[in-house]
Amino acid sequence: MVYENEHEDEFIVPVFTYESEYWDQVMKPHLQEQGWYIAEVDCTNVEDIEDCGTRLLRELNFKVPEHGYINAMAVKGNIRDIYGINMRKGIFVFYKNFEDIFSTHPDLYNGYGAEFMLQLIEDIVYYYSTLRGYLYEEYPVVVGYGVGLPSSYIPQLEELMGAENMMIAGEGVRYPWSDFEEEQRRNFPNGAPDPLYDKTGQLFGGVINHDPQATGIYVADPRYYPESPFYDPVLASKVHLVHSEFTEPDPSI
Numbered sequence: 001m002v003y004e005n006e007h008e009d010e011f012i013v014p015v016f017t018y019e020s021e022y023w024d025q026v027m028k029p030h031l032q033e034q035g036w037y038i039a040e041v042d043c044t045n046v047e048d049i050e051d052c053g054t055r056l057l058r059e060l061n062f063k064v065p066e067h068g069y070i071n072a073m074a075v076k077g078n079i080r081d082i083y084g085i086n087m088r089k090g091i092f093v094f095y096k097n098f099e100d101i102f103s104t105h106p107d108l109y110n111g112y113g114a115e116f117m118l119q120l121i122e123d124i125v126y127y128y129s130t131l132r133g134y135l136y137e138e139y140p141v142v143v144g145y146g147v148g149l150p151s152s153y154i155p156q157l158e159e160l161m162g163a164e165n166m167m168i169a170g171e172g173v174r175y176p177w178s179d180f181e182e183e184q185r186r187n188f189p190n191g192a193p194d195p196l197y198d199k200t201g202q203l204f205g206g207v208i209n210h211d212p213q214a215t216g217i218y219v220a221d222p223r224y225y226p227e228s229p230f231y232d233p234v235l236a237s238k239v240h241l242v243h244s245e246f247t248e249p250d251p252s253i
């Protein structure tokens with residue numbers, strides 16, 4: 001079985017080997033210190049893809065009964081609506097004991113379970129980093145991710161992903177999200193602010209084509225945000241920008 005990308009041409013999976021202890025000793029404490037939300041999913045004795053997905057939903061603050069059952073399509077739908085957690089400084093999804101995904105169980109055979117779980121991460125990256133500001137009218141999120149397993153299981157993951165789509169996590173490594181993370185830390189050191197929108201097209205030549213039910217076009221330029229060290233009050237005073245009309249309680253407050 002070969003992994004099929006859900007959204008992007010390239011999807012690279014960082015591997016945290018147990019032998020290195022890099023996740024527990026370095027990466028996780030670093031993320032906690034910076035204020036990331038960490039969804040650490042234990043894949044031990046996982047039974048099927050529904051079990052996989054349900055474990056992820058629980059770590060993302062979804063209220064799933066202890067013996068609840070959520071089908072695979074519902075899992076995919078739910079992760080597009082993560083709510084009630086503070087992701088302003090980033091969210092990190094980590095699958096520990098990922099080797100148990102490579103099970104002989106009928107629903108997990110031949111890499112099917114591993115592919116499903118990795119596609120869920122790819123979905124989160126796509127919807128929360130790429131589309132969230134533009135489509136959902138909420139602040140874009142830095143999404144980090146990785147899997148933890150013994151080095152002896154790397155060949156099985158390579159068979160699914162291809163060696164070119166994997167990387168070993170460690171000191172000095174640049175991850176797929178590193179550029180966006182550095183940009184967000186530079187522009188908004190205290191975390192992503194509520195997004196601003198150009199409702200009348202002032203920043204876009206006076207012509208604006210968007211869903212009439214939407215607030216406007218998302219403004220990414222940090223010079224318009226008081227929360228940014230690059231805020232330019234003179235520039236910002238020349239336009240009238242608005243926050244999203246779709247408001248929900250903010251768990252960070």
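The letter at position 238 of the sequence shown is residue 238 when you use my numbering, and the numbering goes up by one with no holes. Don't be surprised by glycine CBs; every beta carbon is placed ideally from N, CA and C.
Which two residues bound the contiguous beta strand (DSSP E) that contains residue 40? 37-42
Which full runs of the alpha helix (DSSP H) of 4+ residues lie inside the region 96-162, going along the chain? 112-125, 132-135 and 154-161
Note the first and the last residue of the continuous alpha helix (DSSP H) segment covering residue 73. DSSP places residue 73 inside the alpha helix (DSSP H), whose first and last residues are 72-78.
Have a look at the DSSP bridge pairing and note the partners of residue 217. 198
Based on Cα-Cα distance, which residue from 137, 139 and 144 lies nearest to residue 118? 144
Quick one: what's got a C-beta closer than 6 Å to residue 87's C-beta in the same chain, skipping five residues either side? 37 and 141, listed in sequence order.
Identify every residue that forms a DSSP beta bridge with residue 91. 37 and 143.
Taking the alpha carbon of residue 127 as the reference point, which residue from 59, 79 and 102 has its own alpha carbon closest? 79
Same chain, Cβ closer than 8 Å to residue 167, five either side skipped, listed in chain order: 12, 13, 14, 15, 173 and 175
Skipping 5 residues on each side, what residues in its chain have a beta carbon closer than 7 Å to that of residue 45? If we look at residue 45 and ignore the five residues flanking it on each side, its Cβ neighbours are 100.
What is the rounded straight-line gap between the Cα of residue 114 and the Cα of residue 30? CA-to-CA, the gap between residue 114 and residue 30 works out to about 26 Å.
Integer Cβ distance of residue 227 from residue 193, believed to fall under 8 Å: 4 Å
Compute the beta-carbon to beta-carbon distance between residue 94 and residue 41, rounded to the nearest angstrom, for a pair I have assumed lies under 8 Å. Yes, they are in contact, since the Cβ atoms of residue 94 and residue 41 sit about 7 Å apart, within 8 Å.
Check whether the Cβ atoms of residue 197 and residue 216 lie closer than 7 Å to each other. yes
Is DSSP giving residue 242 helix, strand or coil here? strand
Helix, strand or coil at residue 29 according to DSSP, with G and I counted as helix: helix
Pick from 91, 51 and 67: whose alpha carbon is nearest that of residue 75? 51
In three-state DSSP terms, what is residue 180? helix
Using C-beta distances below 8 Å, list every residue in its chain close to residue 72, excluding the 5 sequence neighbours before and after it, in chain order. 49, 50, 53 and 116
If you run the structure through DSSP and keep just helix, strand and coil, what is residue 2? coil
With distance defined between alpha-carbon atoms, name the residue in 151, 223, 155 and 125 nearest to residue 22. 151
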